[in-house]
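Q: Our numbering puts the first residue of the sequence shown at 230, with every later residue one more than the last. Before I ask anything, let me first share the structure, which is written out below as structure tokens.
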Amino acid sequence: MENFYDKERETAALLIDSLRFVSTGKVRTELENEILSGDRYQKPVAFYPIRSLDDFPSVIKAGGIESKPVAFKDFSPTEPLRVAPGSEALAANLLRTIAKAYPEAVMGPDSDLATLRTRRCRSIVLVEDYAGSGDQCLQYLQSWLANRTLRSWHSFGWVRFHVLLHSVAPKAHSFIKLLRPRDLKTFTALEVAPTVDDAGWTAEQMKRVKKLCHRRAANRELALGHKGSGGLLVMQHTVPDNLPMILWQTGGHTADGQPWRPFLPNRSIPPSLGFLASNSYAPPTDYPAAADRLDDGRVTATLAERVGPRQQEKFYVLGACIRGIRQTDRLAAEARASLQGIKRTVRTLQGWGYIDERLRPTDCGRRAFARHAALARPQHARLIGSTEPYYPRALRES
């Protein structure tokens, strides 16, 4: 905080307190569980880590990504990783481990085009731990689709492409989803990562944070990180380049005239913050505030404030569905909640018959919500002869 003037410190604290940390173990375990669960991918399946095209020497020599390189022609996806690649190394190691455990059905990231042909690969899955802007994911996928052999297999339906991400920023999520279903058979993201645009702040707070980032950034083009995406996710094994620059820059003007003291120096996690990363620290969920933003301050916020903690998420999701919100990623981002948790709640509400498969509320769901909405008002908060608020039976038993 010593970097900032007194009037800036509240805003700087708001930015820092909104960061979410994810441990390497959590990323690895959840990706592995997703890969091994069910029959999402037709076998044999080949897994590859999503890599930056600028990491391949042949691509750089040919003019970089502007030259629109083609996989297995202008570069080989099986080329060794750099000495300290971070994200790619985690994914590559995990995928090699899974391939060794299931050699009959799974091919690892060292599989070349000849191997894919010989094994008659039916699914190609590109895996990444985090997509902040979506650029790297799309560029890598397009380099594969540009290969004439792979494109031919794809057009005949012999092979299908899939993308699996652990975390994704909301804008990147929408960006990548534009490819479905023509190019992608499935696009799976396990969690939605927060950004400055959907951190659960008020409009005034967001304005102050962005102003501080631009005013204090050593390079204003990177004030909100790569592509201005303003990420707020920090991973134990790597610090993404889309974080606001004031969090990781090593130089800049300070309030006390001393050298700049970075929070994440050179995009690395200092020992003092190791416990946050290893324990996957996340800001607490705030369903009342999220409901207030989605519902324009009407009944959903009132409900969220009056029900117990275990019911808040259910009423939040049901109320949002009634108001026309159909995107689980948006619901998770607004409340700073787990996407997997939101999806579980959706399945619960569907099981109760409160919403349908398209997240549209049923008559039963509307009646349950309206019944509680009436009883949640101060003058009707308690039943006659009862000292407890009334909840629909399904919610009482959850």
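Every residue gets a Cβ at the ideal spot worked out from N, C-alpha and C, and that includes glycine.
1) Look at I294 and L282 and say whether their C-beta atoms are less than 8 Å apart.
2) Kindly indicate which three-state DSSP category T415 falls into: helix, strand or coil?
3) Do you know how far the Cα of A484 is from the Cα of Y234?
4) Report, in whole angstroms, the separation of the C-beta atoms of T658 and D585, which I expect to be a contact under 8 Å.
5) Any idea which residues DSSP pairs T205 with across the strands?
6) Is the CB-CB distance between E259 and H395 below 8 Å?
7) Is the CB-CB distance between V421 and D558 below 8 Å?
8) Are three or more beta carbon pairs between the region 245-260 and the region 363-382 nearer than 8 Å?
9) Classify W477: buried if its beta carbon has 16 or more other beta carbons within 10 angstroms, exposed otherwise.
10) Check each candidate in L319, P473, R377 and name the one with the smallest Cα separation from P494.
11) Taking the beta strand (DSSP E) that V392 belongs to, which residues open and close that run?
12) Can you tell me where the alpha helix (DSSP H) holding P278 begins and where it ends?
13) Mind pulling the alpha helix (DSSP H) runs of 4 or more residues that sit fully within the region 284-365?
14) Excluding five sequence neighbours on each side, which residues of the same chain lie with their C-beta closer than 6 Å to the C-beta of V256?
15) For M464, collect the residues of the same chain with a Cβ closer than 6 Å to its Cβ; drop the 5 residues on either side in sequence, then sort them by chain order.
16) Cβ of I327 within 7 Å of any heavy atom in the ligand ZN?
17) So for E586, helix, strand or coil by DSSP?
18) In whole angstroms, give me the CA-to-CA distance for H383 and T347.
19) Compare the Cα-Cα distances from I279 to each of A597, K543, W373 and report the closest residue.
20) What are the partner residues of R249, as DSSP defines its beta bridges?
21) What are the uninterrupted segments assigned as alpha helix (DSSP H) that are 4 or more residues long and contained completely in the region 438-511, given in chain order?
22) Could you check where the alpha helix (DSSP H) with R559 kicks off and where it finishes?
23) Check whether the region 403-419 and the region 315-327 are in contact - that is, three or more C-beta pairs closer than 8 Å.
24) Just the C-alpha distance for I475 and W581, rounded to the nearest angstrom, thanks.
25) Please confirm whether A401 and G457 have their CB atoms less than 8 Å apart.
26) Are the CB atoms of D339 and T378 within a distance shorter than 8 Å?
27) To the nearest angstrom, report how far apart L243 and T431 are at their CA atoms.
28) What is the DSSP secondary structure of E433, reduced to helix, strand or coil?
29) At what residues does the alpha helix (DSSP H) containing T378 begin and finish?
30) Kindly indicate the opening and closing residues of the alpha helix (DSSP H) around L578.
31) State buried or exposed for F598, treating a residue as buried only when at least 16 other CB atoms are found within 10 Å of its CB.
32) Just grab the DSSP bridge partners of V421 for me.
33) Give me the Cβ distance between T240 and L441, rounded to the nearest whole Å; I'm assuming they're in contact under 8 Å.
34) By a C-beta neighbour count over all protein chains shown, 10 Å radius and 16 as the cutoff for buried, is N471 buried or exposed?
35) Output needed for L310: all residues of its chain with C-beta closer than 7 Å, excluding positions within five of it in sequence on either side, in chain order.
A: In short:
1) By 1-based counting over the sequence shown, the position of residue 294 is 65. By 1-based counting over the sequence shown, the position of residue 282 is 53. Yes, the Cβ-Cβ distance between I294 and L282 is below 8 Å.
2) Position 186 of the sequence shown, counted from the start, is the residue given in the question as residue 415. Here T415 sits in strand by DSSP.
3) For the purposes of this step, residue 234 is taken as the residue at position 5 of the sequence shown. For the purposes of this step, residue 484 is taken as the residue at position 255 of the sequence shown. So the two alpha carbons sit approximately 5 Å from each other.
4) Missing from the structure shown is residue 658; the chain here goes from 230 to 627 and no further.
5) Given that the chain is displayed from residue 230 to residue 627, the structure contains no residue 205 and the question cannot be resolved.
6) Working through the sequence shown from its first residue, we reach residue 259 at position 30. Working through the sequence shown from its first residue, we reach residue 395 at position 166. Result yes, Cβ atoms of E259 and H395 sit closer than 8 Å.
7) On the sequence shown, position 192 is the one that residue 421 refers to. On the sequence shown, position 329 is the one that residue 558 refers to. Yes, they are a contact pair.
8) Output reads no: the region 363-382 does not touch the region 245-260.
9) Indexing the sequence shown from 1 puts residue 477 at position 248. W477 should be labelled buried.
10) Here residue 494 is taken as the residue at index 265 of the sequence shown, counted from 1. Just measuring C-alpha positions, the residue of L319, P473, R377 sitting nearest P494 is P473.
11) Numbered from its first residue, the sequence shown carries residue 392 at position 163. Here the beta strand (DSSP E) through V392 covers 389-397.
12) Counting from one through the sequence shown, the residue named residue 278 turns up at place 49. In the DSSP assignment, P278 falls outside any alpha helix (DSSP H) and lies within the beta strand (DSSP E) extending over 274-278.
13) Those alpha helix (DSSP H) runs which fall completely within the region 284-365 and span 4+ residues are 286-290, 316-330, 342-347.
14) To locate residue 256, count along the sequence shown from 1; it is residue 27. These residues qualify, in order along the chain: D358, H395.
15) Taking the first residue of the sequence shown as position 1, residue 464 is located at position 235. Correct list, in chain order: V251.
16) Here there are no bound small molecules, and the ligand ZN is not part of this structure.
17) For the purposes of this step, residue 586 is taken as the residue at position 357 of the sequence shown. It is coil, neither helix nor strand.
18) Along the sequence shown, one-based indexing puts residue 383 at 154. Along the sequence shown, one-based indexing puts residue 347 at 118. A straight line joining the alpha-carbon of H383 with that of T347 spans about 16 Å.
19) Position 50 of the sequence shown holds residue 279. Looking at the Cα atoms, W373 is the closest of the given residues.
20) Along the sequence shown, one-based indexing puts residue 249 at 20. Answer by DSSP bridge pairing, in chain order: L462.
21) Qualifying alpha helix (DSSP H) stretches, in chain order: 503-507.
22) On the sequence shown, residue 559 is found 330 positions in, with the first residue counted as 1. 557-564 is the span of the alpha helix (DSSP H), which, as asked, contains R559.
23) no
24) Reading the sequence shown from its first residue, position 246 is the one you call residue 475. Reading the sequence shown from its first residue, position 352 is the one you call residue 581. Near 47 Å, if we compare the C-alpha coordinates of W581 and I475.
25) Taking the first residue of the sequence shown as 1, we reach residue 401 at position 172. Taking the first residue of the sequence shown as 1, we reach residue 457 at position 228. Not a contact, by the Cβ cut-off of 8 Å.
26) As a position in the sequence shown, residue 378 is number 149, starting the count at 1. As a position in the sequence shown, residue 339 is number 110, starting the count at 1. Result no, Cβ atoms of T378 and D339 do not sit closer than 8 Å.
27) Your numbering for residue 243 matches position 14 in the sequence shown. Your numbering for residue 431 matches position 202 in the sequence shown. Whole-angstrom Cα-Cα distance: 11 Å.
28) Walking along the sequence shown from the start, residue 433 turns up at place 204. Here DSSP, grouped into helix, strand and coil, assigns E433 to helix.
29) Indexing the sequence shown from 1 puts residue 378 at position 149. 377-384 is the extent of the alpha helix (DSSP H) around T378.
30) Locating residue 578 in the sequence shown gives position 349, where the first residue counts as 1. Start and end: 568-581.
31) In the sequence shown, counting from the first residue as 1, residue 598 sits at position 369. Its Cβ being crowded by 16 or more others within 10 Å, F598 is buried.
32) The residue labelled residue 421 in the question sits at position 192 within the sequence shown. According to DSSP, which records beta bridges pairwise, V421 is partnered with V397.
33) Taking the sequence shown and counting its residues from 1, the one referred to as residue 240 is at position 11. Taking the sequence shown and counting its residues from 1, the one referred to as residue 441 is at position 212. So it is a contact: roughly 5 Å between Cβ atoms.
34) Here residue 471 refers to the residue found at position 242 when the sequence shown is read from its first residue. Counting the other CB atoms within 10 Å of its CB gives N471 a total of 16 or more, which places it among the buried residues.
35) Here residue 310 refers to the residue found at position 81 of the sequence shown. Excluding sequence neighbours, L310 sits near E317, A318, A321.
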